[in-house]
Amino acid sequence: MAVWTAAQLAHRFDLELRGDGQQSVTGVCTLTPGRPGHLSFLANPKYRSALRDTAASVVVLGPRDADSYSGTALVARDPYLAFARVSALFDVQPPCLPGVHPTAVIDPSARVDAAAEIGPFVVIDAGATVGAGARIAAHSHIGLNASVGEGTRLEGRNWIGPNCVVGARCRLNAGCVIGARGFGLAPTPEGWEEVPQLGRVVIGDDVEIGANTCVDRGAIDDTVIETGAKLDDLVMIAHNCRIGARTAIAAQTGIAGSTQVGARCLIGGSVGISGHLLIGDDVVLLGRSMVTHSLPEKGTYGSGWPVVPAREWRKQVARMRRLDRTEAKIKRLEARLGLASEPEQEGEPT
Amino acid sequence: MAVWTAAQLAHRFDLELRGDGQQSVTGVCTLTPGRPGHLSFLANPKYRSALRDTAASVVVLGPRDADSYSGTALVARDPYLAFARVSALFDVQPPCLPGVHPTAVIDPSARVDAAAEIGPFVVIDAGATVGAGARIAAHSHIGLNASVGEGTRLEGRNWIGPNCVVGARCRLNAGCVIGARGFGLAPTPEGWEEVPQLGRVVIGDDVEIGANTCVDRGAIDDTVIETGAKLDDLVMIAHNCRIGARTAIAAQTGIAGSTQVGARCLIGGSVGISGHLLIGDDVVLLGRSMVTHSLPEKGTYGSGWPVVPAREWRKQVARMRRLDRTEAKIKRLEARLGLASEPEQEGEPT
Amino acid sequence: MAVWTAAQLAHRFDLELRGDGQQSVTGVCTLTPGRPGHLSFLANPKYRSALRDTAASVVVLGPRDADSYSGTALVARDPYLAFARVSALFDVQPPCLPGVHPTAVIDPSARVDAAAEIGPFVVIDAGATVGAGARIAAHSHIGLNASVGEGTRLEGRNWIGPNCVVGARCRLNAGCVIGARGFGLAPTPEGWEEVPQLGRVVIGDDVEIGANTCVDRGAIDDTVIETGAKLDDLVMIAHNCRIGARTAIAAQTGIAGSTQVGARCLIGGSVGISGHLLIGDDVVLLGRSMVTHSLPEKGTYGSGWPVVPAREWRKQVARMRRLDRTEAKIKRLEARLGLASEPEQEGEPT
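Chains A, B and C are the protein sequences, given in the same order. Quick note, the first sequence lines up with residues 1 to 350 if you use the numbering used here. Quick note, the second sequence lines up with residues 1001 to 1350 if you use the numbering used here. Quick note, the third sequence lines up with residues 2001 to 2350 if you use the numbering used here.
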């Protein structure tokens, strides 16, 4: 069990110490109710009142809150970030223990760095490479000529398709599938014919891919996830998409083929983006947005219809369905009063 | 092949027998068309007319329907439940056969009950425990210090993260991931920094988790699935959610971080619930509901826009987009007629 | 590395050659920018202008475009289909190499054809069968009495439940789960009771199932995926659904229990279809459609609310919520002017 004093933490993370430097902590806790011998943090002003009653022994907080707190504190300009760094000392994730488990099946032509860890029942195909400090956990499969960069973690039963490239310091959570066949089909009179998917998935450095997420390989060119992008669980990235650097995508979002998403976007959960679109840099898409046209301009976008009691929902649907008649009635009223009606544009939604 | 007579079933499940007690059945069938030598049931009055023509040899039904049925019947107050119990006699799921497959990799410090079954290529890490009667099927991985309760079934390639707790008599369908890293990220000028996810997933007793469903571990506190909750396939439960006892969640629903769902809720498929909300006990959410605010009150809620022919859908979108002009026209008409207009509230949807 | 001359390709695929038959290609490329020594195609007239500047050495195109192209060309009536067939020569997918990996665990009563390939850590249960030319990749599990047809590929860690049937020449992408327990539950005063799911999944020939997709087994009867159907990644097919021949379903779509989908349907991404419905043949559902009633008639259907800037979205929601008042105002205006108002139908959305 890790034990740290407040003074040690202040020194290690370059934070200002207030109060008892000898106070020790063995883990982290939430501010409410807090837990003696543990460290908490205050970042959201909304929780300021919780500071008074917390049982946490040490709190990471900002300069403004520090003045009104009498307990032991570590003062940081960005308390959430400082807390994130401190809490890593108590992380539960297994470290990389270099070595190859005797049950792993590794093709003789694969190059696995001696400082990588290869877990039980891992399969590594011909020509594949694994960098130093990488941790390939149980039941993972690295395909023909694929490569996994230094310090990257495959958390368990990850599948990396042929020729795919995963950069350095990435994290692939359990069950994600990188480089499955894209959904390319050509219609024939006798049914669908498969269009071979010859591209790769190319993932930059410091990328996170969520549990059971799927990133399909490209048809001809590659599907690309740029450096620092973060994908949550059960996300779908179709063939030939490009996801920009540092873009974050929440769970269950799906992006159809060949769409390009810019850098530093924030994409909420269960968003759907059609294929062949362009989403610019710094676009924010609220959860469950339905995107059927390109959004080249920076901004925050949303759509969808929040819940109401089911009885009212059914009425809303009926009202929406008769909007044509509602408009016609207005026209009739305008005509009666001799008011000119503007022409309506019945265009496609774009 | 199991063979049961109607009389044996009546005795075993405490049902009233009508007709030929020596009639035997070797399996179950639907009422239409039915199948000789098989058992069916009638629970929904809508299918009452099918009773006349069914080829089933024995039917489980309610007292009211029994009087008008001349075939062999087992009479139950809740025919669907009685049928469920009877049909378990013909279940196809493999039983627990205690023992450890020679290919399994089990850390010496793990405690696996002698009455548990550990399948091929299973990995059990240090400090983990598996209870009596548990069946851990092929390719599953039980992480560091995690525990799996008595009689629980891991159906295949399940991944249980470090320290996670799965109760007794649970069923984890193939591919589900329990305790992957929550999507905790802190922004920095150089990109996202991971916030360590130190909590666990704690699952009560009698819980079902669907195939390829993901339940992420908590950031500081735990993610909790209470006793008797039932989750379908491809569901996403984010870090620090709490799902109440006996709540059922249909496929592809996603619940964002720190949301609390009450007991006995019925949540339809593809529902999306934002983070940090409170859903009360006994709430029913219709399929595809979009929930962006708390719903503390019991009730049935819905949202969303059912399909229409695409041509009409495009017109609906256009009409909705010009609702501002529609309202302005009404105002103009009211002004012309000297009718006072109520002020509109342009508030946030809540 | 495969090398083909234009003349060889023309002969092999029965295409008309124009230009230099000795031009060789070693792979495929997109038209823009193109790549010397590679083959591209032009199918969409929108990209016709790219033909002039492409660096591709050989282009597959239609008769109309061939006349205005001076480079080496292969002329096809359906250039996309012809390209698909040619590009298969350069496919990256591993071929079937008959034989059983020494780590595979195969029950003695299973019948595995000598011309099938069984990969590392595969598990095949009692009574299961695998046909000639099938390729069962690493970490897959074929359950009790299940069968996999000739030439079918399980791409990696696929799970096939007991008694399930997969036809010939199918492709199951990594992580898909066929035949997990359907979500059948009966309410009791003490909580949910499992309804045994005794049916199978029966999959026809030439079917594709996407990565991490789930098809649940039937409760009594079977869940059926007919010949030539194509399912993308992360799709959910619930118990007792029937998906018609050649129907294509894009990623993240979910279909609830007992719904029947006809033949040759095109179902977009993230569509949700309620249970117990009938979708006719040749129905097209646009992405994210919400289907709550049967659609027996051929046609194109859609629903949903495309994104707008978030500020405008919030106003739209507010306007929609006050549509009842908007309608009331019109009624008041009509009354004032002595115009008769039609009665409104406040029916359920169907």
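Beta carbons: idealized from backbone N, C-alpha and C, even for Gly. As the structure is a computational prediction, the values presented were derived from the model and not from experiment.
Please classify residue i as buried or exposed, where buried requires at least 16 other C-beta atoms within 10 Å of its C-beta.
i	result
arginine 2217 of chain C	buried
arginine 1077 of chain B	exposed
asparagine 2158 of chain C	buried
glutamine 2022 of chain C	exposed
valine 75 of chain A	buried
glycine 2338 of chain C	exposed
lysine 2329 of chain C	buried
proline 79 of chain A	buried
lysine 2298 of chain C	exposed
glutamate 2016 of chain C	exposed
aspartate 1067 of chain B	exposed
What did DSSP end up calling residue i once you bin it into helix, strand or coil?
i	result
tyrosine 1069 of chain B	coil
tryptophan 1313 of chain B	helix
arginine 2153 of chain C	strand
asparagine 2330 of chain C	A small correction: the amino acid at residue 2330 of chain C is isoleucine; asparagine does not occupy that position in the sequence shown. Residue state, collapsed to three classes: helix.
aspartate 2222 of chain C	coil
histidine 276 of chain A	coil
arginine 181 of chain A	coil
arginine 1169 of chain B	coil
alanine 238 of chain A	coil
histidine 1378 of chain B	Because chain B spans 1001 through 1350 in this model, residue 1378 of chain B falls outside it and cannot be assessed.
arginine 18 of chain A	strand
alanine 340 of chain A	coil
serine 140 of chain A	coil
leucine 97 of chain A	coil
proline 2045 of chain C	helix
alanine 1084 of chain B	helix
tryptophan 1004 of chain B	strand
List the residues of chain C whose Cβ lies closer than 7 Å to the Cβ of residue i, in chain order.
i	result
threonine 292 of chain A	Pro2306
glutamate 1150 of chain B	Correct list: empty, because the minimum Cβ distance to chain C is about 17 Å.
valine 1092 of chain B	Pro2162, Asn2163, Leu2198
Are residue i and residue j touching if we call contact CB-CB under 8 Å?
i	j	result
threonine 2300 of chain C	proline 1309 of chain B	yes
serine 274 of chain A	serine 289 of chain A	no
valine 1123 of chain B	histidine 1101 of chain B	no
isoleucine 1255 of chain B	cysteine 1265 of chain B	no
glycine 191 of chain A	arginine 2246 of chain C	yes
alanine 1115 of chain B	alanine 1132 of chain B	yes
aspartate 1221 of chain B	glycine 1199 of chain B	yes
isoleucine 267 of chain A	leucine 295 of chain A	no
arginine 2048 of chain C	leucine 2042 of chain C	yes
leucine 231 of chain A	glutamate 208 of chain A	yes
Cβ closer than 7 Å: which chain B residues qualify as neighbours of residue i?
i	result
alanine 174 of chain A	Trp1159, Val1177, Ala1180
Tell me, please, which residues DSSP counts as bridged to residue i.
i	result
lysine 1230 of chain B	B:Glu1208, B:Ala1248
arginine 135 of chain A	A:Glu117, A:Arg153
arginine 1422 of chain B	No statement about residue 1422 of chain B is possible, as the shown extent of chain B runs from 1001 to 1350 and does not include it.
serine 1040 of chain B	B:Val1059
glutamine 260 of chain A	A:Arg242, A:Leu278
proline 306 of chain A	B:Met1290
aspartate 2091 of chain C	None, per the DSSP bridge assignment.
cysteine 2214 of chain C	C:Val2177, C:Met2236
serine 2147 of chain C	C:Thr2129, C:Val2165
leucine 1266 of chain B	B:Ala1248, B:Val1284
For residue i, go through chain C and note every residue whose CB falls closer than 9 Å to its CB, in chain order.
i	result
alanine 238 of chain A	Asp2232, Asp2233, Ala2250, Ala2251, Gly2269
Give me the chain A residues within the contact set of residue i, using Cβ-Cβ distance strictly less than 7 Å, ordered along the chain.
i	result
glycine 1254 of chain B	Ala251, Gln252, Gly269, Ser270
alanine 2211 of chain C	Val177, Ala180, Cys214
tryptophan 2313 of chain C	Gly302, Ser303
Since residue i meets chain A, which of its residues come closer than 9 Å, beta carbon to beta carbon?
i	result
arginine 1264 of chain B	In chain order: nothing, as chain A lies at least about 17 Å away.
histidine 2011 of chain C	Within 9 Å Cβ-Cβ: nothing; histidine 2011 of chain C doesn't reach chain A, min ~20 Å.
lysine 1046 of chain B	Ordered by position in chain A, no residue passes the 9 Å Cβ test against lysine 1046 of chain B, which lies about 22 Å from the chain.
Note down, in chain order, every chain C residue with its Cβ under 8 Å from the Cβ of residue i.
i	result
arginine 336 of chain A	Leu2337, Leu2339
Is the shortest distance between the beta-carbon of residue i and the beta-carbons of chain D less than 8 Å?
i	result
arginine 85 of chain A	Absent from the structure: chain D. Protein chains present are A, B and C.
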